[in-house]
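Chains A and B, in that order, give the protein sequences.
1 is the number of the first residue of the first sequence in the working numbering; add one for each residue after it.
1001 is the number of the first residue of the second sequence in the working numbering; add one for each residue after it.
Each residue gets a CB set at the ideal place from its N, CA and C atoms; glycine is no exception.
2 protein chains.
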Amino acid sequence: MNRSTISDVARKAGVSESTVSRVLNGTARVAATKQRAVELAIREMGFQPNAFARGLATGRSNAIGVVTQAIDSPFYGEGMHGIERTLQASGYTPIFMSGHWNSDDEERCIRELIQRRVDGLILFAGRLGAARIAEFAQQLPVVVTGRTLDAPGVFSLSVDDEAGGRLATEHLIDLGHRRIAFIAGPRDHPDAQARLKGYRSALDHAGITYLPALVTPGDFREEGGRLAGERLLAMGEPFTAVFCANDQMAFGLQLALHHRGLRVPDDISVVGFDDLSTAAYFLPPLTTVRQPVDQMGDLSAQALLMMIDKRDPAVRAPSVSLVVRESTRKISLAGARASRSNRAA
Amino acid sequence: MNRSTISDVARKAGVSESTVSRVLNGTARVAATKQRAVELAIREMGFQPNAFARGLATGRSNAIGVVTQAIDSPFYGEGMHGIERTLQASGYTPIFMSGHWNSDDEERCIRELIQRRVDGLILFAGRLGAARIAEFAQQLPVVVTGRTLDAPGVFSLSVDDEAGGRLATEHLIDLGHRRIAFIAGPRDHPDAQARLKGYRSALDHAGITYLPALVTPGDFREEGGRLAGERLLAMGEPFTAVFCANDQMAFGLQLALHHRGLRVPDDISVVGFDDLSTAAYFLPPLTTVRQPVDQMGDLSAQALLMMIDKRDPAVRAPSVSLVVRESTRKISLAGARASRSNRAA
DNA sequence: CTGAAAGCGCTTACAG
DNA sequence: CTGAAAGCGCTTACAG
């Protein structure tokens, strides 16, 4: 418990504290003999520099605050993994905090992180208001993903969600589907709104009329997808395919279908959004719009690192693409299917 | 960027730094007028105390180090969620780091955390050697889960994995299965070893001979389960059920079965271990041995908090139980199934 | 109830 | 190449 300090090391090695600090940080040349003496002392005493003292002296923490909505989400998990990966290479430690889908918690996290003097902030697909974010950005560099936000000190990185929504919907249309349901994301999520827009735009282009009864909101989680699926089935409006605003809801939806005895893709085609790594392991493997979430994590970390270095963040968001697997199929017995899903409701 | 300090606040409020510190921490009575003046100054200046200075002065960080193997794992995700939840209620901030399934990284994480002066350490289902852990435990309280480790300063919390392995296997035996394959976890994971032991013990009790050809190792991840499944099928040794040492491998296994045209549970019954929240959403919903991972997180955090308080950690690990869902079924056409799975190989 | 002062453990000009 | 000294921003006995 009685941890040794730099002065203990200095005494043992017969040098000054300054010298110990220099070998610790490699910040200046030190005579080879002293260097060795210090290193030996450090090893023998098991000395571990106190990051608080260091941070207080330097004004830097070598830590990055990362706020997502949940530590146990597959979506945020992949994002955090990307962030962790690129931060590690540069000597920064990420501190992950969860906003739990409400902006109060999100703001609390940010304050905590600022007190801990993180050198920068990544708000990964958050929902805190733009004004608040802009305020915080006056104190430290911040990058936001999943939205576009123009303010000094903030860099935003987001994928073309609308194009993704269009891609998914067009794929279903190409397979002959006309009655395509949509399970939307939370209304206040910018990316969720964009995906809905893409869905409607694809419908328009194909001359398919938009039916409000085929659109129902979800919460981006499995349970929300399941519930949405049940609502859809109860609605009585026939459909042969459903596009879900994210993969997790697509998983949940399929449980609802399963309970009704409906099979994917035989009875209903399903498309997701994200391409979580589990999408390929789901049964049937899920057709989805790929947005490389881990790569978004990498890129956001890279951008932040550049901002901390006072450089311009020169990264570009990856583009979305359709990954066709086994949850979608050409509509063959359209009438039968549609009526069957109808009857089931 | 020019953040205000406690002395700025003191000047503005017309009091001493000590007084500001007292209202900040509620550590002593302060005259109501001064109290208000200080609070006002704090608000107006947007003052945020510097956690480094505070930590240096108090010797405490109000942070807990948590090392798991991966930030994007569903298993560790649930554990981290539990930890986060109970820590939040007590004002501690968790710092999550990932060991990536190798003890070097794990040790690096611990050192980093110690430098940041965390007040305690939770090693959640890690694999670092007992000796190293015991050493670290001399510096700060540590709780380990998923293993039993007797050393001063460490508290271990683990579920009865052997009983769980027995439960799963007995369930399959009760359904009439005799040729039960086992996809094991990493050899160096104590909990993985215990589950294997449970499997063998159940077999023994039922008078079923243990067939090495039906046991193959995995890595606790989906891809490892898929690969293990392919090895099992290639082996040519017939089986009608498989017990997987965790849920993620059970998911991966089922992709391999799907690719061979084998259906669960019609052709093969599958049991997992953990009962991840996704297990209920998988298709078919997975029969599995439940160990409440989030609760293990809660409990480990509670135990650590008690240790930090110099109290005896008085928590007991939850017990495991079998959750029967739809991935297991009574063997009916045993011969046919077995030979079919054989032929497929 | 309140303030002056010492101290926490580092880093970093500064002088040599 | 090296050391003495000041300073980072708090907290906390201590004295009143």
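Since residue i and residue j should fall inside the 8 Å C-beta cutoff, what is the C-beta to C-beta distance between them, to a whole number of angstroms?
i	j	result
R117 of chain A	A1125 of chain B	About 31 Å separates the two Cβ atoms, so there is no contact after all.
I114 of chain A	Q1295 of chain B	Not confirmed; about 32 Å, so no contact.
V1320 of chain B	V1144 of chain B	The Cβ separation is near 18 Å, so there is no contact.
V1067 of chain B	I1110 of chain B	6 Å
D1008 of chain B	M1045 of chain B	6 Å
F220 of chain A	F251 of chain A	F220 of chain A to F251 of chain A, Cβ: 11 Å. No contact.
G1297 of chain B	G1079 of chain B	4 Å
Along the chain, where does the alpha helix (DSSP H) containing residue i start, and where does it finish?
i	result
T169 of chain A	D161 to D174
L1299 of chain B	V1293 to I1308
R1022 of chain B	E1017 to N1025
L322 of chain A	That residue, L322 of chain A, is in no alpha helix (DSSP H); its beta strand (DSSP E) goes S321 to V323.
A57 of chain A	A51 to T58
D105 of chain A	S103 to Q115
F75 of chain A	P74 to A89
From residue i to residue j, what distance separates their C-alpha atoms?
i	j	result
L387 of chain A	Y76 of chain A	Chain A is shown only over 1 to 345; residue 387 of chain A falls outside these bounds and no answer can be derived.
D72 of chain A	K1034 of chain B	44 Å
Y210 of chain A	L322 of chain A	22 Å
G153 of chain A	E1039 of chain B	29 Å
G207 of chain A	E170 of chain A	12 Å
I1006 of chain B	E1017 of chain B	6 Å
D1309 of chain B	S1156 of chain B	17 Å
A70 of chain A	L1227 of chain B	30 Å
A1387 of chain B	S1269 of chain B	Only positions 1001 to 1345 of chain B appear in the structure, and residue 1387 of chain B is not among them; the question remains open.
F1316 of chain B	A10 of chain A	Residue 1316 of chain B is actually Arg in this sequence, not Phe. So the two alpha carbons sit approximately 46 Å from each other.
R1043 of chain B	A1089 of chain B	24 Å
I1064 of chain B	I133 of chain A	27 Å
Q28 of chain A	R36 of chain A	Per the sequence shown, residue 28 of chain A should be read as Ala rather than Gln. Going by the C-alpha atoms only, they are around 15 Å apart.
E326 of chain A	L253 of chain A	16 Å
R1337 of chain B	D1267 of chain B	In this prediction, R1337 of chain B has a pLDDT of 48, which is less than 50 and means its spatial position is unreliable; nothing more can be read from the coordinates.
A1344 of chain B	R1260 of chain B	With a pLDDT of 44 at A1344 of chain B, under the threshold of 50, the modelled position of that residue is not reliable, and the figure given next carries that caveat. Cα-Cα distance, rounded: 7 Å.
I1122 of chain B	Q1302 of chain B	11 Å
M306 of chain A	P313 of chain A	5 Å
R1195 of chain B	A184 of chain A	41 Å
T278 of chain A	K1012 of chain B	56 Å
V264 of chain A	E1112 of chain B	48 Å
N1062 of chain B	L1087 of chain B	10 Å
A1130 of chain B	A1137 of chain B	10 Å
P318 of chain A	L1172 of chain B	47 Å
P1094 of chain B	Y92 of chain A	17 Å
Just the chain B side, please: which residues come within less than 7 Å of residue i by C-beta, in chain order?
i	result
N246 of chain A	Residues of chain B passing the Cβ test: none, with the nearest at roughly 14 Å.
S98 of chain A	E1084
T93 of chain A	E1112
H258 of chain A	L1283
So, does the CB of residue i fall closer than 9 Å to a CB anywhere in chain A?
i	result
Q1069 of chain B	no
M1235 of chain B	no
M1306 of chain B	no
N1050 of chain B	yes
I1133 of chain B	no
H1171 of chain B	no
S1061 of chain B	yes
I1114 of chain B	yes
D1294 of chain B	yes
G1224 of chain B	no
S1277 of chain B	yes
With respect to the beta strand (DSSP E) encompassing residue i, which residues constitute its N-terminal and C-terminal limits?
i	result
T1068 of chain B	A1063 to T1068
T1216 of chain B	V1215 to P1217
A1184 of chain B	I1180 to A1184
G1120 of chain B	G1120 to L1123
R1290 of chain B	T1287 to R1290
List the residues of chain B that residue i touches, going by C-beta distances under 8 Å, in chain order.
i	result
S21 of chain A	In chain order: nothing, as chain B lies at least about 15 Å away.
M80 of chain A	I1071 and D1072
Indicate whether at least one CB of chain B lies closer than 9 Å to the CB of residue i.
i	result
F251 of chain A	yes
S124 of chain A	It should be pointed out that residue 124 of chain A corresponds to Phe in this sequence rather than to Ser. Output row for F124 of chain A: interface = no.
I42 of chain A	no
E162 of chain A	no
Q139 of chain A	yes
G146 of chain A	no
I64 of chain A	no
Q291 of chain A	no
Can you list the residues of chain B that residue i reaches, using a CB-CB cut of under 9 Å?
i	result
L262 of chain A	Within 9 Å Cβ-Cβ: nothing; L262 of chain A doesn't reach chain B, min ~12 Å.
Using a cut-off of 7 Å between C-beta atoms, extract the partners of residue i located in chain A.
i	result
A1053 of chain B	L56
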